[in-house]
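Visitor: Before we start, here is the structure in question, set down as structure tokens.
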Amino acid sequence: MLSGKLAVYFHGAKAGRKAELLKSSPRVCVEADLCHGFPANGRGGYTCDYESAIGYGTVEELQGEEAEKGIRLLLEHCGIQAEACPAEAMAITAVHRVVLNEIAGKRRNLGDPNA
7 MLSGKLAVYF HGAKAGRKAE LLKSSPRVCV EADLCHGFPA NGRGGYTCDY
57 ESAIGYGTVE ELQGEEAEKG IRLLLEHCGI QAEACPAEAM AITAVHRVVL
107 NEIAGKRRNL GDPNA
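Residue numbering for the sequence shown follows my numbering, starting at 7 and increasing by one per position.
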């Protein structure tokens with residue numbers, strides 16, 4: 007959370023197509039899906055039980071201590087405890103934060119009638 011809004015962090019190379027696109031416009035969309043299985047749909051076929059979310063916001067490339075904090079948050083999310091990242095790695099890694107201004111979600115769960 008940042009100023010009461012959900013924030014999403016990600017990292018990538020400092021050079022390349024994605025880096026160029028992010029620098030050209032800070033307005034971004036993020037999307038995530040979770041597939042929970044493929045139950046029968048009752049019509050002889052199958053469907054997908056899922057949850058999805060989409061958010062719109064503004065991205066910023068973090069610098070210095072904020073970038074290191076962002077990398078630590080990503081590592082902790084993956085179950086890795088790290089005090090600091092090697093300087094060589096940070097020199098070529100861009101760390102970004104997206105503050106989401108709008109979020110929407112959807113769920114389908116035919117496999118569990120109580121959901």
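Where a beta carbon is used, it is the ideal one built from N, C-alpha and C, also for glycine.
Are there 16 or more other CB atoms within 10 angstroms of the CB of I77, so buried, or fewer, so exposed?
Guide: For the purposes of this step, residue 77 is identified with residue 71 of the sequence shown, where counting begins at 1. With 16 or more other Cβ atoms within 10 Å, it is buried.
Visitor: Would you kindly work out how many angstroms separate the C-alpha atoms of A38 and R103, rounded to a whole number?
Guide: Against the sequence shown, residue 38 aligns to sequence position 32. Against the sequence shown, residue 103 aligns to sequence position 97. Their backbone Cα atoms lie some 16 Å apart in a straight line.
Visitor: Go to A93, then tell me how far its alpha helix (DSSP H) extends in each direction, as first and last residue.
Guide: Locating residue 93 in the sequence shown gives position 87, counting from the first residue. Its alpha helix (DSSP H) spans residues 93-98.
Visitor: For A90, I'd like the list of residues in its chain whose CB is within less than 7 Å of its CB, leaving aside the five on either flank, ordered along the chain.
Guide: Counting from 1 along the sequence shown, the entry for residue 90 is found at position 84. The answer, listed in chain order, is E74.
Visitor: So the candidates are L28, H42, G43; which of them puts its Cα closest to the Cα of V36?
Guide: For the purposes of this step, residue 36 is taken as residue 30 along the sequence shown, with counting starting at 1. Minimum Cα distance to V36 is reached at L28.
Visitor: Quick check on the DSSP output: the beta strand (DSSP E) that includes A13 runs from which residue to which?
Guide: For the purposes of this step, residue 13 is taken as residue 7 along the sequence shown, with counting starting at 1. Taken as a continuous stretch (DSSP letters only), the beta strand (DSSP E) holding A13 covers 13-19.
Visitor: To the nearest whole angstrom, what separates the beta carbons of A25 and V105, a pair I think is in contact under 8 Å?
Guide: For the purposes of this step, residue 25 is identified with residue 19 of the sequence shown, where counting begins at 1. For the purposes of this step, residue 105 is identified with residue 99 of the sequence shown, where counting begins at 1. Contact doesn't hold; Cβ gap of about 19 Å is too wide.
Visitor: On the premise that K112 lies in contact with S58, defined as a C-beta separation below 8 Å, what is that separation, rounded to the nearest angstrom?
Guide: Against the sequence shown, residue 58 aligns to sequence position 52. Against the sequence shown, residue 112 aligns to sequence position 106. At roughly 5 Å, the Cβ-Cβ gap stays under 8 Å, so S58 and K112 are in contact.
Visitor: I need the boundaries of the alpha helix (DSSP H) containing G85, first residue and last residue.
Guide: The residue given as residue 85 occupies position 79 in the sequence shown. Taken as a continuous stretch (DSSP letters only), G85 belongs to no alpha helix (DSSP H), as it is neither H nor E.
Visitor: Per DSSP, what kind of secondary structure is L106 in: helix, strand or coil?
Guide: Walking along the sequence shown from the start, residue 106 turns up at place 100. If DSSP states are grouped into helix, strand and coil, L106 belongs with the strands.
Visitor: Should A97 and G18 be called a contact, given that it needs their Cβ atoms to be closer than 8 Å?
Guide: Position 91 of the sequence shown, counting from 1, holds the residue named residue 97. Position 12 of the sequence shown, counting from 1, holds the residue named residue 18. Not in contact: A97 and G18 (Cβ atoms no closer than 8 Å).
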